[in-house]
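In what follows, a single structure is set out as structure tokens and then discussed.
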């Protein structure tokens with residue numbers, strides 16, 4: 008009889024719904040993103056905090072989004088641990104709930120930041136003179152505070168949605184961090200599924216519409232004569248190119264975080 012690998016025995020180290028051939032590439036991608044993301048977001052936060060006088064409204068958004076991304080990344084090792092070894096959960100009830108809550112809350116926050124930043128780019132490119140008056144540092148700080156508050160409040164049910172469950176009371180091996188029976192019976196899990204879906208679908212629709220307007224304005228402005236707002240418009244174009252790179256990194260982080268849940 009062939010010898011069974013210790014990784015796949017019920018009492019072995021590996022306890023995952025995914026096969027090993029799927030776990031390895033997913034883990035490799037997530038670890039690479041973790042290394043690059045932590046360094047990049049830490050540097051972004053440090054640069055943003057270290058040059059307060061030189062910070063633009065765009066830098067405020069990018070610094071806040073980098074902090075949100077960093078919090079997601081710091082929870083990634085726990086997500087990977089749970090992906091490889093779903094039980095027994097050895098980190099306690101509080102960390103089980105807190106990890107899910109912060110992961111969802113910061114994901115919501117990053118999505119809201121991407122949407123708000125796209126709105127600012129739309130104003131800066133399509134209405135440069137009006138944006139100069141409307142978009143101020145004070146107002147952007149207030150918007151950022153509102154984004155954090157709304158994201159964390161809307162994710163609050165996740166703190167009560169999960170817990171350490173032990174279906175088999177006779178063994179500690181059955182301890183698992185997962186949705187509680189009460190959350191399943193009350194319909195809270197289904198409600199939060201639709202909340203999360205809305206957080207992805209509605210911003211995608213909003214971004215698609217705004218990017219369409221931005222693209223149309225950039226195309227129309229190619230042959231436009233230089234006017235009073237041209238300098239502001241060109242500056243907005245340059246900032247848009249830089250921001251798109253930051254936003255692509257944030258989207259990749261959100262997708263990778265969803266893979267590991």
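Residue numbers (the working numbering): 8 to 268. Ideal placement from N, C-alpha and C gives every residue a C-beta, glycine not left out. Bear in mind that the values here come from a model prediction, so they are computed numbers and not experimental data.
(1) For residue 27 and residue 91, what's the separation of their Cα atoms in angstroms?
(2) Please return the same chain residues whose Cβ sits closer than 8 Å to the Cβ of residue 148, not counting the five positions on each side in sequence.
(3) Looking at the structure shown, is residue 92 part of a helix, part of a strand, or coil, going by DSSP?
(4) For residue 75 versus residue 120, is the C-beta spacing smaller than 8 Å?
(5) Going by the CB atoms, is the gap between residue 34 and residue 79 shorter than 8 Å?
(6) Check the Cβ-Cβ distances between residue 50 and every residue of chain B, and say whether any is below 8 Å.
(7) Restricting to runs no shorter than 4 residues, where is the alpha helix (DSSP H) found entirely within the segment 165-206?
(8) Below 8 Å on the Cβ atoms is my contact criterion, and I expect residue 165 with residue 206 to pass it. Report the Cβ-Cβ distance as a whole number of Å.
(9) Compute the Euclidean distance between the alpha carbons of residue 154 and residue 218, then round it to the nearest angstrom.
(10) Secondary structure at residue 84, three-state DSSP: helix, strand or coil?
(11) If you draw a straight line from the alpha carbon of residue 46 to that of residue 65, how long is it in whole angstroms?
(12) Rounded to whole angstroms, how far is the Cβ of residue 116 from the Cβ of residue 170, which I believe are closer than 8 Å?
(13) Expressed to the nearest angstrom, what Euclidean distance is found between the alpha-carbon atoms of residue 36 and residue 29?
Put simply:
(1) Distance from the CA of residue 27 to the CA of residue 91, rounded to the nearest whole angstrom, comes to 9 Å.
(2) Cβ-Cβ distances below 8 Å link residue 148 to 67 in the same chain, with the five nearest sequence neighbours on each side left out; the list follows chain order.
(3) Correct three-state label for residue 92: strand.
(4) Yes, the Cβ-Cβ distance between residue 75 and residue 120 is below 8 Å.
(5) Against a cut-off of 8 Å, the Cβ pair of residue 34 and residue 79 comes out as no contact.
(6) In the displayed structure, chain B is absent; only one protein chain is listed.
(7) The qualifying runs are 188-193.
(8) About 12 Å separates the two Cβ atoms, so there is no contact after all.
(9) A straight line joining the alpha-carbon of residue 154 with that of residue 218 spans about 21 Å.
(10) Residue 84 sits in a helix when the DSSP states are folded into three classes.
(11) In this model, residue 46 and residue 65 are separated by some 20 Å (Cα to Cα).
(12) Rounded, the Cβ-Cβ distance is 24 Å, inconsistent with contact.
(13) For residue 36 and residue 29, the distance between alpha carbons rounds to 11 Å.
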